[in-house]
Every structure is written in structure tokens, then in C-alpha cells.
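Residue numbers (our numbering): 4 to 771.
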């Protein structure tokens, strides 16, 4: 079945790109004369306007790398007085680094890696924070953003990373932390921002950001558009194609009652990267095998997929209605209602080494992985927040209720043939199932068939929660920060529940959980611009917490012998300090911590599981963000993680037999011991800015046995920007300056994902 018959037309992004270009031209002609007379703050060099993180329409400093306050009202103190590690990637860092995706943006935050998707883990974002899987712990404006996705950031103002167990804020999961994406919102001024990027490997990107006030400036409308097409440097055949639109409307700017309506839509259509295979040793047996680092056959450009078969299509639709009312000067009531739907559809080649073919014969089996999934979520959050005096103490509080319903339908395709050939030879292998390790041929004719397979799983979940947070000012130098949350989480999975032409037997499994989580932190402020804190926090991961979109470490029991699978529990002990220096323009922080995850699900006998395992991470984190001088900015961090499997249980080998556990004491998968990031810029003149970055990640293991790994790497980036006029900027970015071949995702078996090679991007930005 040719790939082109499954792929949606590429006309949508191209038409959108043309529309953006026309809009930019029209806006430029209409406003250039007036804009030339407008005054701007000396030295302003940004081309994209920052929006407020609430719906007040008030702006923050739009060029600084420093962020003083998180967007969520659940953070009841400024970041310098918040007793936990929080990193905010602001809009200016996103712009200066030329980031276009969530993975691009989080490269600047050490201690975060991304895992590969395969089998039950869908393709898309799968971050690991402090060693723990966080694929279900991404939020959009404080609301959980479920479903397997590769997230774009064209409509994102900033990205907030909270490290350490975080269930008191967001509910289930969050063992290592959580990620909150802050959307762009309408502003209390008119502007038009946009631009286009042309780059190597046929990169073409167009963006438009328009804000207009009306109704005597008490209302505003904002529209963000994006079109993006590119190949991938250093990777043969791969191409990405996506487009998005995000309108938002706010009423009541500058009044006690504010209403916001927003909609987000994005589609993508890619020939996905199939990765590079590991190599089972030729001496491996069914009982024991040896893995190594990825093997590319001598050419890092090698692509092992099939252009005539492989595809990946995704979509996301998110609608949000929020209303916020100031009851008085010190109390605000807010309600947020959201409905979202995400889906993806793919046939993807996994370069497979399971028959020892890579080492023995220099061949790769093109195993087909498939998925058709849709996740829908409806959430309502009601929050009351503000401040008051009681018993001589000042309280800054936030309390609320949350109700959520989620449903995920997962099925796939039947790809034929898709057997497990030994690939002893390439020639004569049916339908191009086998290819050469050193010289793969993605243009091979594939004459097999792809048929929709409706057998799958329908997973539903309902959660209810109540929470409260309070920062108590005991005196000017001592603060007490506390938080408490109670959740109920009910989930049910039905296999073969998707309608088919033939009635099939169904099976149902379910689990109901109730759990408390809490946090407490004591902050001492020896000076107004600094703090020293100690804190404790918990998280809980109930059975089925990923609602069918990923491989749960604590999945719903499915007929196997299990004890009562209680929620996995994580606790964190942290000691840290935060300081705002150089006239409060540079934020520095340091923290040491221990995170312990207990009650984890482990294998104790043949097909018998108990929640009795344990893993532990001891770590150190350092960070700096902001201005050292008026011209020099920095965004940097370092992470040390000693991540250990304390009690991983027994192992199931390839034949299904249970053997004594040998992984005890091993390093946790997807967890680098050391990682470091540095991004810095310097304004050489009011018009010229130069910058660069260095990013280091230690060796990462893909599996608990520590037998497959990707090597450590250092990547260097560079940028330069120049203000042609008050309204037009040029910016050149070179990513992976030395064209380093490295791997940024390790899977537990068979393959790893290779990162892009050297990429040059030239952007022209307009702002009126």
C-alpha cells in the first residue's frame, strides 16, 4: 500500500504559509509609516511579544531570561521564596535558541531526557525528569494535557518545569516532576508579529501573531498561525510537515470580571525516523544476550524505513473557556473548562536486531509498528485564591476542586507480511522486509498490504480532586509553605471494545484508587533577595494512570496473579537556596535532594506481581537565569543524578522464565549521571547580538539491565541577530555546530534515535 494513499494532502500547510505571507505583507504596508514614528525602549530587540500568564492582559519583561513568578495560582509565593526546584524557560530563550518543539526547548533544562516510543509507548514526547517517566505529566495552563503528542510551541509563551514529586499540584503521577506549557493570551495593546525561517535541509517555517483590542479596549482578540516543513540534517529520507492555528478572545480586560475563550488546532504529517539498531551478539542465546550501543553500519545518515510504507499523522484540538472574577482586592474566583482531543495514526519501521541479524549478517529487519489512537479529555477546575491576615500571620493561599473524564481508544493496522525473518540475506527477501545495515535502501518497492485492525483497547478514567495551598509569613524572615491534595481515580479498560464488523469476545479490567499527597517547606530569608529552604513532597501513581497512552509501570491488572496493586508512592527530601543578584536581575539556585519511589510494581514469580519494589535518586542541581550586565544574559544549569534500582524484583528472560533479579544496584534507565546546559547572549551593539550554547549529557542506559546504552555527547550551538530597523530583525542560528553524531533517545531493546546533524536557520522577523 503506497504511503501517499494514507497521507493527508500537503496543501493545508502550504496554503497557510501563503496566507501568513500575505498577512505579513498587508500588515507591513498598512503600518510601516505609522510604526516608523513610534518610540521604542532603547535596546529592545525581540520580535515576538510576550503575553501575561493570566487573563489580565498585563505584560511582563519580554526580553529577560529571568522569571520571577510561576503562572499557576497554586504557586503562592515568588520563585525565590518557593521551596522546590522550578525552572521556567521564557519566551526570549525559546526565540534565541530557535526552538520549535517541546524537546527543542527542554534541551536547555538539565536533568531531563526523552525516551523512545515503541510497542505500548506511543510516538511523541516521553520526557524523563530526575530519572522518572513523565510522559503523563505535561500540563497546558495548569490542566493535564493527555495523549501521545509531539508538541509544538508556536502558541506557547513559556515552559515551566517543576522538579521532584508534584502530585499535590497536579494529581496522579509526577514522581520526578511535571511540565506546564503556558499559552499566549490576548493583550491590552495592538501588535502584529510574524516571520519566516529558511534553513538547511529544506526547512521552511512561517509564523504570525496578531493581537487587536476592541470594545473601547476592554476586549482583545489574538491569533497565532504556524506552518512548518523540513527534512532532517544527517538523516536520509525523513521529512516533517505540520501546521497550526490558535485563536483566543478575552473580554473584560482591566475590569474585575474577565472571560477568555481559546482554541488550539495542530496537524502533522511525517515520514518518521526509524532510528538506528542495536546489535544482539552473535553468541547470544534465548536465555542470555548482550547488547551494545547503536550500530549504523558506518554511515550515520542511514535510514532503515520504507518510504512507500511508513507514515505518521497526528492532530490536536483543544478548546478552553475560563472566567475570572475579583471578589475583592484580595480574593479571586476562577473557573476553567476544557475539552481536548488528540490522536495519531502511524505505520513505523522499527529497525530490529532480534534474530542477531545485525551482527551475524549485517542486515536489519524492517519490523512494522502501528498505532491508531484517540484520547479525549474534559476537565473543570475551580480555584479560589488570594491573601488574608489571620492570628497575626499573612496567608497567600489557593484552593480548588477538579473534575476530569478521560478516554483513550487504541488500535492499529495489520501489516502483511510482518513476520520475524532472520534476514540472512537481503536479495530475495519478500517485500523489502530486510535491508543492509551499511547501505539501506528506503526506496525499496514494498508490495505488502496494510489493513485496518479494529481490535484494541478502550480505556476510561474519572478523577475528582480537592486541594489547598498556603504560604504563611511567620515573620519577615521565615515562611512556611504547605499544600494538600486528595484524589479519587477510577479507571476501566475494555479490550476489543472498538466496534468491528465481527463481534469479538471482550474482557474488562478496572481499578479504583484514593490517595492523599502533600508538601511542606520552610523558607528562611537571611536577606530580602535570597532564601534557604528545606522541603518534603510526595506523589502517587495509581494503576492505569496513563489511561492507555503508554506503558504504565503500575498497569491495571489483566488477569495475571497480582496482589492489591496500590498506588506507587514517591517522596522527596530537598535542601536548597535561591538568590536574586545584580540588582535582582540574575536568579541563582542550588539544591540537593533524595527522591525515593516505593511500592513499585515488580515481578516476584512467574506471572506474579507485587507492589514491593524501590528505586532511589540522590542528586544535585544548579541553575542561573537572567542578566549579568545590561548586555550579557545567561540561562544555564547542571544536574547530577545518582539513580539506583534498589529493589527491581526478578527478571523475565526472553523465553518467559523467571530468574533471580540481577538488576539490583543498576543505574535507572534514561537517566544521565551528569548533564549540563549553557546558553548565553551578548549585545555587542544596540542592534547586534551574538550568542551560543553548550549542552552535555552523560551516557544513558535504555534498559534496567544496563546492557544497551547511548554514549555521552556534547553539542554546541551558535546564534547572531541584527536589527535592520525598528520593525525588522534578522537572526541566524546554527544548531549542532560541529555536526556531532549523537543519540538523544535510548529504547530498552532493538534501537535508539539519532539526533539531527548540523542545521542552519535564517529567520526574518517583523513586529509592528
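Beta carbons: idealized from backbone N, C-alpha and C, even for Gly. Just so it is clear, the structure is predicted and the values come from calculations on it, not from any experiment.
Alpha carbon of residue i to alpha carbon of residue j, nearest angstrom
| i | j | result |
| --- | --- | --- |
| residue 342 | residue 230 | 24 Å |
| residue 113 | residue 510 | 43 Å |
| residue 202 | residue 266 | 30 Å |
| residue 745 | residue 676 | 17 Å |
| residue 223 | residue 254 | 7 Å |
| residue 259 | residue 196 | 29 Å |
| residue 95 | residue 723 | 14 Å |
| residue 672 | residue 706 | 5 Å |
| residue 208 | residue 200 | 5 Å |
| residue 7 | residue 131 | With a pLDDT of only 38 at residue 7, under the threshold of 50, the placement of this residue in the model should not be trusted, and no figure is reported. |
| residue 499 | residue 457 | 7 Å |
| residue 93 | residue 383 | 27 Å |
| residue 321 | residue 117 | 24 Å |
| residue 182 | residue 157 | 17 Å |
| residue 252 | residue 136 | 35 Å |
| residue 261 | residue 326 | 6 Å |
| residue 353 | residue 483 | 51 Å |
| residue 398 | residue 729 | 45 Å |
| residue 734 | residue 763 | 11 Å |
| residue 120 | residue 351 | 11 Å |
| residue 669 | residue 133 | 16 Å |
| residue 340 | residue 324 | 5 Å |
| residue 417 | residue 357 | 20 Å |
| residue 88 | residue 534 | 13 Å |
| residue 551 | residue 413 | 7 Å |
| residue 361 | residue 276 | 19 Å |
Closest by C-alpha distance to residue i, when choosing among the options
| i | options | result |
| --- | --- | --- |
| residue 305 | 679, 258, 354, 238 | 238 |
| residue 758 | 97, 182, 137, 235 | 235 |
| residue 439 | 87, 368, 249, 352 | 368 |
| residue 647 | 709, 524, 692 | 709 |
| residue 394 | 383, 469, 319, 476 | 476 |
| residue 233 | 271, 211, 217 | 271 |
| residue 187 | 227, 320, 131 | 227 |
| residue 379 | 407, 79, 91 | 407 |
| residue 748 | 714, 727, 720 | 714 |
| residue 316 | 198, 245, 335 | 245 |
| residue 466 | 524, 495, 445, 473 | 495 |
| residue 497 | 513, 490, 107 | 513 |
| residue 144 | 110, 161, 184 | 184 |
| residue 204 | 765, 770, 523 | 765 |
| residue 750 | 110, 296, 736 | 296 |
| residue 770 | 732, 375, 303, 359 | 732 |
| residue 488 | 470, 571, 595 | 470 |
| residue 575 | 598, 592, 584 | 598 |
| residue 702 | 716, 690, 586, 692 | 716 |
| residue 545 | 177, 101, 65 | 177 |
| residue 409 | 374, 401, 344 | 344 |
| residue 589 | 633, 618, 578, 617 | 633 |
Integer-rounded CB distance, given that residue j should sit under 8 Å from residue i
| i | j | result |
| --- | --- | --- |
| residue 81 | residue 753 | So it is not a contact: roughly 47 Å between Cβ atoms. |
| residue 74 | residue 155 | Actually they do not touch by this definition, with Cβ atoms about 19 Å apart. |
| residue 520 | residue 538 | At roughly 14 Å, the Cβ-Cβ gap does not stay under 8 Å, so residue 520 and residue 538 are not in contact. |
| residue 719 | residue 741 | 6 Å |
| residue 459 | residue 419 | In fact, because the Cβ distance is near 18 Å, the residues do not count as touching under 8 Å. |
| residue 79 | residue 680 | That pair is no contact at about 29 Å. |
Exposed unless 16 or more other CB atoms sit within 10 angstroms - verdict on residue i
| i | result |
| --- | --- |
| residue 189 | buried |
| residue 423 | exposed |
| residue 651 | buried |
| residue 192 | exposed |
| residue 455 | exposed |
| residue 665 | exposed |
| residue 738 | buried |
| residue 630 | buried |
| residue 211 | buried |
| residue 77 | buried |
| residue 436 | buried |
| residue 392 | exposed |
Contact with chain D by residue i, beta-carbon distance below 8 Å
| i | result |
| --- | --- |
| residue 471 | Given the protein chain composition of this structure (a single chain), no chain D is represented. |
Runs of beta strand (DSSP E) wholly within the region 476-535 (minimum 3 residues, chain order): 481-498, 510-527
Unbroken beta strand (DSSP E) runs of length 3 or more, entirely within the region 648-718: which are they? 677-686, 691-700
Tell me the start and end of each unbroken alpha helix (DSSP H) in the region 346-374 that is at least 4 residues and wholly inside, in chain order. 360-364
Complete runs of the alpha helix (DSSP H) confined to the region 167-253 [at least 4 residues]: 170-173
Ranges of the beta strand (DSSP E) found wholly within the region 80-135, counting only runs of at least 3: 89-92, 115-117, 130-132
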